[in-house]
Each structure stands twice: as structure tokens, then as C-alpha cells.
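Each number in this note's numbering comes from the position in the sequence shown (counting from 1) with 272 added on. Taking it in order: structure first as C-alpha cells, then the write-up.
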Amino acid sequence: MKKRNVISKQVRDISPSGIRKFFDILASLEGVISLGVGEPDFVTPWHIREAGIYSLEKGHTSYTSNYGMIELREEIARYLNNRYGLVYDPQNEILITVGVSEGLDLAMRAILDPGDEVIGHEPVYVSYKPCTTLAGGKFIPIPTIVENEFQVNADDIEKRVTSKTKALMLGYPCNPTGAVMDRVGLSKIADVAQRHDLIVVSDEVYERLVYGVEHTCFSSLPGMQERTIHLGGFSKAYAMTGWRLGFAAASEEIIEAMLKIHQYTMLCAPTMAQMGALEALREGDAQVEEMVAEYDRRRRVIVDGFNHIGLTCFEPRGAFYAFPSVKSTGLSSEDFAERLLREEKVAVVPGDAFGKSGEGHVRCCYATSMEEIEEALERMGRFVKRHRSGKAKR
């Protein structure tokens with residue numbers, strides 16, 4: 273008897289994350305310096321951890337509202353108002369999610385019908401396309417280039433709009449490139465969204481991590497709040513990756529649709545994580561500023577180091593990633609990353625893991641110690657020197 277295919281075609285057709293392979297190799301090696309994991313090397317500040325511990329000690333271990341704790345939603349609404357002048361009703365326009373990743377998944381499933389198209393820039397975070405596909409949509413990538421500092425152009429977006437286009441997806445500051453969009457560029461994109469009646473999903477989890485520039489919240493642009501799903505979180509700015517907490521802010525209609533999915537699949541975010549996030553918003557600014565200052569110091573060292581050893585690197589203005597070109601070595605992104613890991617024990621992520629237009633680059637996270645960054649640069653310098661001729665054995 274012929275065995276039926278137990279896995280859905282939709283899932284079978286999705287490629288595994290391009291990041292996973294290199295961490296499988298990394299796990300089998302000793303003495304590796306990892307510039308691969310997009311995670312702060314800081315421990316969550318003590319007062320935030322203490323708030324989570326205290327909530328457990330007090331026995332706050334039950335479910336919260338599906339929306340999340342009202343106190344946390346009120347604090348998020350206050351934060352968005354103070355920082356960007358936005359006014360959201362914490363009762364029904366803010367949803368607490370299990371990380372920004374869940375928020376993205378909920379947003380896609382809430383707004384897309386089968387065959388709807390979503391336009392997004394590339395290179396971009398690995399989950400954007402799969403989340404679109406799993407929701408029945410089609411992701412339409414727009415390649416961005418280093419000559420334009422990986423900023424997406426409004427004209428390029430408009431050229432790809434069809435009768436099937438339902439939404440735009442933006443992720444700035446950008447993982448993996450570190451690019452930041454300025455207000456002028458985002459305003460032009462807002463005009464496109466208005467003209468074509470598009471929803472905008474704006475992933476702004478790195479909004480606090482910018483260097484020498486100002487972050488523009490897309491929802492704060494004229495006419496955009498009503499058509500934007502703003503995704504934010506606590507993982508990056510507050511070093512709370514393992515707490516798995518994020519939020520979505522949007523119109524009542526959209527949040528209600530996202531809540532329908534959330535209540536059946538996740539129910540609510542962990543209570544103690546919500547208590548920690550509440551403390552982070554109320555008392556965490558000083559620690560954020562200290563971490564941003566340290567990331568900035570590391571950013572300048574790693575970018576200068578890459579340029580010095582022959583890996584041309586534009587200056588990232590946000591997040592905590594550098595995206596140097598590896599073309600001088602004659603190796604593909606994947607070959608470069610795999611051989612660097614095996615020969616010099618430095619882990620980076622090949623650029624094409626973030627879309628085809630990432631080929632020729634690698635993502636390097638500088639949210640690690642200065643000592644490890646300097647050692648990694650030394651090892652990578654040796655590697656580049658050996659392979660610079662482009663005649664490296666394949």
C-alpha cells in the first residue's frame with residue numbers, strides 16, 4: 273500500500289532556515305567565536321529579572337487576559353505616545369505576543385487570503401517569507417543594495433504593486449544589514465501605501481538600537497497609524513530574548529482578528545515575562561542607553577576591522593549587525609561561512625540566508641564582547657589573506 277504524504281505540501285515547500293546548518297556545525301566544534309546569533313551578550317538587567325522572580329514568589333502563575341496584562345498594555349500605550357506621539361487604546365488596540373515572531377505570524381494570518389501578495393525588501397529577516405507563505409500569501413521581494421545602504425525605494429515598491437497586493441512588510445532597523453530608513457524615504461513609501469490602499473506591517477523590534485540617527489516609527493507618519501500593524505518587543509533593547517515577549521499595536525479591527533488566532537494557539541504570553549516587561553518599560557531606560565553606547569563602540573571597531581582586512585563594509589546605523597562583502601575572496605557566502613567556521617572557528621551567517629540578494633555578504637553580530645570581536649577579526653584577517661586571490665580550492 274502506498275504511504276500517504278503526512279506532511280502538508282505548504283510546509284514541505286518551505287526551506288529550513290539558512291542559519292540552522294551553521295549552528296549544527298558550530299555545536300560540534302570547540303573554541304568557536306560566534307558572530308552568528310542575533311542575541312545580546314548582556315544579561316537581562318537585575319531589576320527586570322527581580323520583577324519576574326517576585327511575580328513567581330507572589331504566586332502570579334495563572335493566565336492573564338488573552339490580550340495580555342492591562343497594566344502592561346497601558347504602559348506600552350504610554351511609551352508609544354511619549355516617544356512617537358501615537359495614541360492607542362490599551363483596551364483593544366494593543367496585543368501582547370510571545371515575541372515579535374508570533375506577532376508577525378498573527379499579522380500575516382489575520383490579514384491575508386490565499387493568493388494575496390506581500391511586498392517586502394530583501395535581504396530581510398528569515399521568517400518574513402515563510403510566515404507569508406504559511407498564511408497562504410506570496411512574498412514579493414525587492415532587492416536592496418549596498419550602494420543605497422540597503423534602503424528600499426518607494427518607486428521599486430510601486431512597480432511591483434498588482435491587483436493582488438495586500439500589504440507591505442518593512443523591517444527597519446534591519447536584520448541582517450543594520451540599515452535604517454530615514455523619514456523622507458519612509459514618507460514616500462507611505463504615499464504608495466495610501467494610493468494603493470495597502471496595509472503596512474512594520475517590524476520595529478530594533479527601534480531603540482540606532483547610532484547617530486533618529487528612528488522614524490512608521491505609524492507616526494501622517495495617515496499611517498490606521499493602516500499599520502506596528503510590531504515591537506523587549507528582546508533586543510532590554511536583553512530579554514529568552515523571555516519571549518513582544519506586542520502588536522494596530523486598529524481595533526486588526527487586533528481583534530489577531531486575537532482570534534492568538535487565543536486558540538497561544539492563549540496568552542507568560543505572566544512572569546509580562547511582569548518583567550512592565551518593569552523594563554518603567555525603569556529600564558538607563559540600562560538601554562548603556563547597552564546602546566557599548567554596541568556603538570563595538571560597531572565602530574568591527575566595521576573598521578572588516579574594511580581593514582579587505583571585507584568592504586558599509587556603516588550600519590541600527591540593530592547590532594554588520595553585513596560585510598566577501599566578494600574579494602572569490603567565495604560564495606555559504607562557502608565563506610562554512611570554510612571560515614571550519615578553518616578559523618569563527619561563526620557568521622551567509623547573506624543568502626536572508627534572501628537571494630544577500631549573496632556576496634555575511635551577517636556578523638557584534639553583540640558579543642570586544643575581546644571576542646578583536647580575536648574574530650584577527651582570525652578572519654588570516655582567512656581573507658589566504659583566500660583573497662579568488663583561487664581558493666572549492
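Even for Gly, the Cβ is constructed at its ideal location relative to N, Cα and C.
Apart from sequence neighbours up to five positions away, the residues of its chain that approach Gly450 with a beta-carbon distance below 7 angstroms are Pro588, Arg589, Gly590, Ala591, Tyr593, Ala594, Phe595, ordered along the chain. By the Cβ-count criterion, Tyr536 is exposed, with fewer than 16 other Cβ atoms from all chains shown falling within 10 Å of its own Cβ.
The C-beta of Gly387 has fewer than 16 other C-beta atoms within 10 Å across all chains shown, which makes the residue exposed. Proximity of the region 411 to 425 to the region 550 to 560 falls short of the contact definition, fewer than three beta-carbon pairs being nearer than 8 angstroms.
Here Thr437 really is in contact with Leu470; their C-beta atoms are around 6 angstroms apart, less than 8 angstroms. For Pro494, no alpha helix (DSSP H) segment is defined, and its DSSP state is neither H nor E. Here Ala520 is actually not in contact with Thr500; their C-beta atoms are around 10 angstroms apart, not less than 8 angstroms.
Residue state for His332 is assigned as coil, using DSSP reduced to three classes. Cα atoms of Glu346 and Pro362: separation of roughly 5 angstroms, rounded to the nearest angstrom. In this structure, the alpha-carbon of Val485 lies about 11 angstroms from that of Pro445. In the DSSP assignment, Asp475 falls within the beta strand (DSSP E) that extends over 471 to 475. Put simply, the region 566 to 581 does not touch the region 605 to 618. Fewer than three CB pairs are less than 8 angstroms apart. Between Pro312 and Ala639, the C-beta spacing is below 8 angstroms.
Here Glu528 carries a helix assignment [DSSP, helix/strand/coil]. Considering only Pro395, Leu550, Val560, the residue with the shortest C-alpha distance to Gly340 is Leu550.
When only Cα atoms are considered, Glu561 and Ala509 end up about 9 angstroms apart. Take the alpha-carbon of Ile286 and the one of Pro402: they are about 7 angstroms apart. Three or more beta-carbon pairs drawn from the region 490 to 499 and the region 450 to 467 are found closer than 8 angstroms, and the two stretches are therefore classed as touching. For the 8 angstroms CB-CB criterion, Gly371 and Leu517 form a contact. Taking Val433 as the centre and dropping the five residues before and after it, the same chain places the C-beta of Ile391, Val464, His468, Leu470 closer than 8 angstroms to its C-beta, in chain order. Ranked by how close their Cα comes to the Cα of Cys540, the residues Ala379, Thr336, Asp385, Lys617 have Thr336 in first place.
Within the region 502 to 581, the beta strand (DSSP E) runs of at least 3 residues that lie entirely inside it are, in chain order, 518 to 521. Thr416 is classed as buried because its beta carbon has at least 16 other beta carbons within 10 Å across all chains shown. In this structure, DSSP gives Thr437 an extended state, which the three-state scheme calls strand.
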